[in-house]
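Trainee:
Residue numbers (the numbering used here), protein chains in the order written: chain A, -11 to 432; chain B, -11 to 432.
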């Protein structure tokens, strides 16, 4: 279908295209718009009904938003901003250069301008910066009938009416009630008697990670945001929370791979920024690996006399690193999802010791078979390699399991204690055990 | 507050405790129940109103669910199952041992039993296995008034009424309409004229990952599931999708850390299973690292004459591994979020070459300064180490960036191409470059 519409637009049959477009889902329209030549896009954008145009605007890419704002008239900007939900306006303004922001602010009324400025001032990733102010508020004295009438009058401009918020004359949050409960109740029922008073809410400065975990815990689709006096100032909706969850996961994965976390899409990030995000940790880890090198240097004599020992270094280092990062990944993830907490430290320790023992036993035996029986390596060397492997794996599991918990205890992000750092630490341990065992067993 | 309730329960004041409990959020009640002694828990569970009891039941742990089912009467089981939404029943039955499942099935009527068996037969992680059948269906000839009355009559048992589904007499899906639109429309309006006909739906056998990505794309809160004849059979709701997103992320992280993915919570998984999930990949990677060892063995002569070369092996291996896994993590994540696709292969390649060049230049220079000027290492050895570092980083970035895309192209999960595998491959490359350069520059 979108092929056909593209065809119509290319032939300049804008009105016919419009007839098809208005029946489409706005997300699909936005996707279609990314593919049209920009001149034609502007024509199409202008002939769409203004509610649809604004909806589509909130789903297109930042580049396209910028192009449209820079190309349309002040009056048209006013139309879009009036139709947009405040959280979408904020999302888009946060990504625009200052000349575009100025052009938009110039075309909004005093009240909206103040609101926008207030929202842009909330700390990044706080409840304030992601909330919307388009919610339905009710009074507890209203009957269900009055409430439904109030919703009918004001609901068109609200982002969601699925949950309504009951406030007093000072805007202090007193309860919540779902549209479901309203629709299913008798018209004469008073809101006060059916609203939920055990309301879970967040403060404007609460971090988005906390918000996401509350949504997950309670299966909410929206949640109220209050100020210090418990006055209702906005709501956060589930669609934004889903984005936050993915964003937090991306950031965790980036930290776990030793990168500076970034929200930007890979293909849209320029090369210098990508390089900058990667260099810091690589430098830190490179310098740390020097210490591991120093261990080898200390044992140069051992190595000189039994040079074959060097050929097992990669296997020992890799297996130690992998064993450690398996444990750290599970614990980091458990901490992030709230399945593991600091007080579980001993449980984790005990578990990792046991798992480490099992894994170490299997791997050392397989390795001994390979090294001694298949490669026909000297017995003492085989024993050195395999006993090192055994103890290293157990230690790697313990270090991998405990470091994230220790980090959390010290209020450092556990995700930083992932593979790369664990690998560096565990490498040093592995080589120390290796050469000490060699000195002992081989009598060098 | 929950302290006080625990106190009341411990003193045996169950009815007073009940009065407090019924005002609480069911998720919090469930949390409270995990902390009570099991005898008392059973008393509390029995005196709760049955809708609340069933709601709480769907939020407590599987262990507690099992304990309750094994302890209560057949009649009580019937009450719970009748109140539970079908998807919660399925979730819980999937985790129970067969004697519990039998006990439950024995206490459900013919129709429910058939439904449960049908649901238990849908493939794991398919739309069928996560959908619920408690949705509101309307007919397109209804007026808004009739629709609202219909919802009022039947809505109490539905999991959500936020979106209603319009079907014909053969149950074929014809459109959707939100409760919002119903509430905001005139009573006399006919559903047909205001429903959305451009409906996005999934099939019973579609994978949950696909469902999650559609929810993210369109900001849905629920979505219809149809069979092969496009007949509506159920809906998927956002609360389940949020869990799916976290589960998919956990699985990806586990795969990226060379583990067999598992849904089970770390603390609840027994030691043998944890060990089994980790051993396979550790064995594969250990054996692969043997090849890297063979490279060193091939260059034993070089190493014997310049044994100091060995002390730079950890730094070279670690930096190469980290550089590669940075790139692979970004690309794997980009592929998972749909920000990168197979056709972007060349864009990724070109980006990684440029980033690799920048990162390699900075790291080699820092390293040369350290090795040559601070450690006063021989110039030729310093040059060997730093030129190896330079070329290895660029190659590691290319391998790390491309392997996940190649995997996707070959229909292998890109997450498997993460740090551990990249590290093993890149180690071999690093050491080959290292010893070849040494042979050349040092004239051995």
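Note that the Cβ used here is the ideal one computed from N, Cα and C, for glycine as well.
With a threshold of 7 Å between beta-carbons, can residue 218(A) be considered close to chain B, or not?
Mentor: For residue 218(A), the answer is no, since every Cβ of chain B falls outside 7 Å of its Cβ.
Trainee: Figure out for me which residue from 261(A), 42(A) and 44(A) has the closest Cα to the Cα of residue 342(B).
Mentor: When only C-alpha atoms are compared, the closest one is 261(A).
Trainee: Mind listing, in chain order, the continuous alpha helix (DSSP H) runs of no fewer than 4 residues lying wholly within the region 169 to 193 of chain B?
Mentor: Segments of the alpha helix (DSSP H) lying fully in the region 169 to 193 of chain B: 179 to 182.
Trainee: Check the Cβ of residue 403(B) against every Cβ in chain A and list those closer than 8 Å, keeping chain order.
Mentor: The premise fails here: residue 403(B) is roughly 10 Å from chain A at the closest Cβ pair, so nothing lies under 8 Å.
Trainee: Does any C-beta atom of chain B lie closer than 7 Å to the C-beta of residue 313(A)?
Mentor: Yes, because at least one Cβ of chain B sits closer than 7 Å to the Cβ of residue 313(A).
Trainee: Alpha helix (DSSP H) containing residue 157(A): first to last residue?
Mentor: From DSSP, residue 157(A) is part of no alpha helix (DSSP H); its letter is neither H nor E.
Trainee: Roughly how many angstroms lie between the CA atoms of residue 452(B) and residue 233(A), to the nearest whole one?
Mentor: In this structure chain B extends from -11 to 432, so residue 452(B) is not present and cannot be described.
Trainee: Compute the distance between the beta-carbons of residue 245(A) and residue 49(B), then report whether it is under 7 Å.
Mentor: Not a contact, by the Cβ cut-off of 7 Å.
Trainee: Counting only the same chain and skipping the five closest in sequence on each side, list residues whose C-beta sits under 6 Å from that of residue 189(B).
Mentor: Once the five neighbours on either side are set aside, the close Cβ partners of residue 189(B) are 212 and 214.
Trainee: Determine the direct distance from the alpha carbon of residue 426(A) to that of residue 203(B), and round the result to whole angstroms.
Mentor: If you take the alpha carbons of residue 203(B) and residue 426(A), they lie about 58 Å apart.
Trainee: The alpha helix (DSSP H) spanning residue 210(A) covers which residue range?
Mentor: Where residue 210(A) is concerned, there is no enclosing alpha helix (DSSP H), although the beta strand (DSSP E) it sits in stretches over 210 to 214.
Trainee: In whole angstroms, what separates the C-alpha of residue 18(A) from that of residue 68(A)?
Mentor: If you take the alpha carbons of residue 18(A) and residue 68(A), they lie about 15 Å apart.
Trainee: Grab the span of the alpha helix (DSSP H) containing residue 281(B) for me, first residue to last.
Mentor: First-last of the alpha helix (DSSP H) with residue 281(B): 259 to 286.
Trainee: Can you find a CB in chain B that lies within less than 7 Å of the CB of residue 342(A)?
Mentor: Yes, residue 342(A) counts as interfacial toward chain B.
Trainee: Quick one: does residue 23(B) have its CB under 7 Å from some CB of chain A?
Mentor: Not one chain A Cβ lies under 7 Å of residue 23(B).
Trainee: Along the chain, which unbroken stretches of the alpha helix (DSSP H) at least 4 residues long are found entirely within the region 339 to 422 of chain B?
Mentor: The region 339 to 422 of chain B contains these whole alpha helix (DSSP H) runs: 367 to 397.
Trainee: Pick out whichever of 364(A), 322(A) and -7(A) has its Cα sitting closest to the Cα of residue 16(A).
Mentor: Measuring from the Cα of residue 16(A), the nearest candidate turns out to be -7(A).
Trainee: Just the C-alpha distance for residue 311(B) and residue 109(A), rounded to the nearest angstrom, thanks.
Mentor: So the two alpha carbons sit approximately 37 Å from each other.
Trainee: What is the rounded straight-line gap between the Cα of residue 160(B) and the Cα of residue 6(B)?
Mentor: Cα to Cα, the separation comes out at about 45 Å.
Trainee: Examine chain A for any beta-carbon lying closer than 7 Å to the beta-carbon of residue 227(B), and answer yes or no.
Mentor: At least one chain A Cβ lies under 7 Å of residue 227(B).
Trainee: Quick check: is the beta carbon of residue 58(B) nearer than 7 Å to any beta carbon in chain A?
Mentor: Chain A contact via Cβ: absent.
Trainee: Report yes if the CB atom of residue 238(B) is closer than 7 Å to the CB atom of residue 321(A), and no otherwise.
Mentor: For residue 238(B) and residue 321(A), yes; Cβs fall inside 7 Å.
Trainee: Flag this pair as touching only if the region 137 to 153 of chain A and the region 170 to 182 of chain B have three or more C-beta atom pairs under 8 Å; answer yes or no.
Mentor: With a cut-off of 8 Å, the region 170 to 182 of chain B and the region 137 to 153 of chain A count as touching, because enough Cβ pairs lie within range.
Trainee: Can you tell me where the alpha helix (DSSP H) with residue 294(B) in it begins and where it stops?
Mentor: Here residue 294(B) belongs to no alpha helix (DSSP H), and DSSP marks it neither H nor E.
Trainee: In chain B, which residues lie with their C-beta within 7 Å of the C-beta of residue 201(A)?
Mentor: By Cβ distance, chain B contributes nothing, its closest Cβ being about 10 Å from residue 201(A), past 7 Å.
Trainee: Cβ of residue 26(B) versus every heavy atom of the ligand COA: is any distance shorter than 6 Å?
Mentor: What this structure holds is no ligand at all, so the ligand COA is not there to describe.
Trainee: So, helix, strand or coil for residue 315(B), using DSSP?
Mentor: In the structure shown, residue 315(B) sits in a helix (DSSP, three-state: H, G or I).
Trainee: Is the region 397 to 404 of chain B in contact with the region 360 to 372 of chain B, if contact means three or more CB pairs nearer than 8 Å?
Mentor: The region 397 to 404 of chain B is not in contact with the region 360 to 372 of chain B.
Trainee: Among the residues of its own chain, which have a CB less than 6 Å from the CB of residue 242(B), if the five just before and after it don't count?
Mentor: Once the five neighbours on either side are set aside, the close Cβ partners of residue 242(B) are 249.
Trainee: Using a Cβ-Cβ distance under 7 Å, would residue 281(A) count as near chain B?
Mentor: Yes, residue 281(A) counts as interfacial toward chain B.
Trainee: The beta strand (DSSP E) that contains residue 77(B), what's its start and end?
Mentor: It is not in any beta strand (DSSP E) - residue 77(B) instead sits in the alpha helix (DSSP H) that spans 74 to 83.
Trainee: Is the CB of residue -2(A) under 7 Å away from at least one CB in chain B?
Mentor: Not closer than 7 Å to any Cβ of chain B, the Cβ of residue -2(A) fails to qualify, so no.
Trainee: Residues of chain B with CB under 9 Å from residue 351(A), in chain order?
Mentor: Neighbours of residue 351(A) on chain B, chain order: 267, 270, 271 and 274.
Trainee: Indicate whether at least one CB of chain B lies closer than 7 Å to the CB of residue 299(A).
Mentor: For residue 299(A), the answer is yes, since a Cβ of chain B falls inside 7 Å of its Cβ.
Trainee: From residue 252(A) to residue 83(A), what does the alpha carbon distance come to, in whole angstroms?
Mentor: Rounded to the nearest angstrom, the two C-alpha atoms are 11 Å apart.
Trainee: Where do the ends of the alpha helix (DSSP H) carrying residue 163(B) lie?
Mentor: Where residue 163(B) is concerned, there is no enclosing alpha helix (DSSP H), although the beta strand (DSSP E) it sits in stretches over 161 to 166.
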